[in-house]
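The sequence shown begins at 265 in my numbering and counts up by one. Built from N, CA and C at the ideal position, the CB exists for glycine as well.
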Amino acid sequence: MKARVKWVDGALMVGESGSGHAIVMDGPEEHGGRNLGMRPMEMLLLGMGGCTEFDVVHILRKGRHDVRFCELELTAERAETEPKVYIRIHAHFRVGGKGLTSKAVERAVKLSAEKYCSASLMLGKTAEITHDFELVDID
């Protein structure tokens, strides 16, 4: 896997993935940025969220569950001193589907957290990561 990040100006950077997708990153004004893009640490958190949510949906579908909705809310806390790594991350899943059970969702969340989500497992080296979920009704 490869990626490239090009500094543009101030704290503005453009990152390009090996698959050819690009994203703008920037910093706050107090660090020379203009707030034109996500912060790199926000992207790290979003990456973990995308990784674990992908796993949960994939595991449920592989188990032939009719998943129709999945949303993940992440709450994170960083260390107060440098390096300001993530020290706590909570992942709250909201999942809905036809005939979907709490047992199935709990299993999928647990498998992602403990076995499949490499981003969560990596961030778990510095952060306490917790998970919970709720089933939501869908029409």
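Are the beta-carbon atoms of residue i and residue j separated by less than 7 Å?
| i | j | result |
| --- | --- | --- |
| Val-373 | Val-320 | yes |
| Arg-328 | Ala-391 | no |
| Ala-383 | Met-312 | yes |
| Phe-333 | Val-369 | no |
| Leu-309 | Ala-275 | no |
| Tyr-350 | Leu-385 | no |
From the DSSP output, read off the bridge partner residues of residue i.
| i | result |
| --- | --- |
| Met-386 | Paired residues: none, contrary to the question. |
| Cys-315 | In the DSSP output, where bridge partners are listed per residue, Cys-315 has none listed. |
| Glu-337 | His-356 |
| Thr-345 | Answer is none; Thr-345 lacks a bridge partner. |
| Asp-273 | Leu-276 |
| His-395 | Ala-355 |
| Tyr-350 | Arg-342 |
| Ile-287 | Gly-279 |
| Lys-266 | Bridge partners of Lys-266: none, in fact. |
| Asp-330 | Lys-362 |
| Met-302 | Met-289 |
Return yes when at least one heavy atom of the ligand FMN lies under 6 Å from the C-beta of residue i, else no.
| i | result |
| --- | --- |
| His-354 | What this structure holds is no ligand at all, so the ligand FMN is not there to describe. |
For residue i, is the classification buried or exposed, using 16 other Cβ atoms within 10 angstroms of its Cβ as the cut-off for buried?
| i | result |
| --- | --- |
| Ala-286 | exposed |
| Ile-393 | buried |
| Gly-301 | buried |
| His-295 | exposed |
| Glu-317 | buried |
| Met-422 | Because the chain spans 265 through 403 in this model, residue 422 falls outside it and cannot be assessed. |
| Val-331 | buried |
| Ala-343 | exposed |
| Ser-376 | buried |
Return the Cβ separation of residue i and residue j in integer angstroms, given the expectation that the two are a contact with Cβ distance under 8 Å.
| i | j | result |
| --- | --- | --- |
| Ser-366 | Leu-324 | About 12 Å; that fails the 8 Å criterion. |
So that I know if they touch, is there some Cβ in chain C lying closer than 7 Å to that of residue i?
| i | result |
| --- | --- |
| Ala-286 | The structure shown contains no chain C, having only a single protein chain. |
Discussion item. So, does the region 350 to 367 touch the region 279 to 290, judging by three or more C-beta pairs under 8 Å?
Written reply: no
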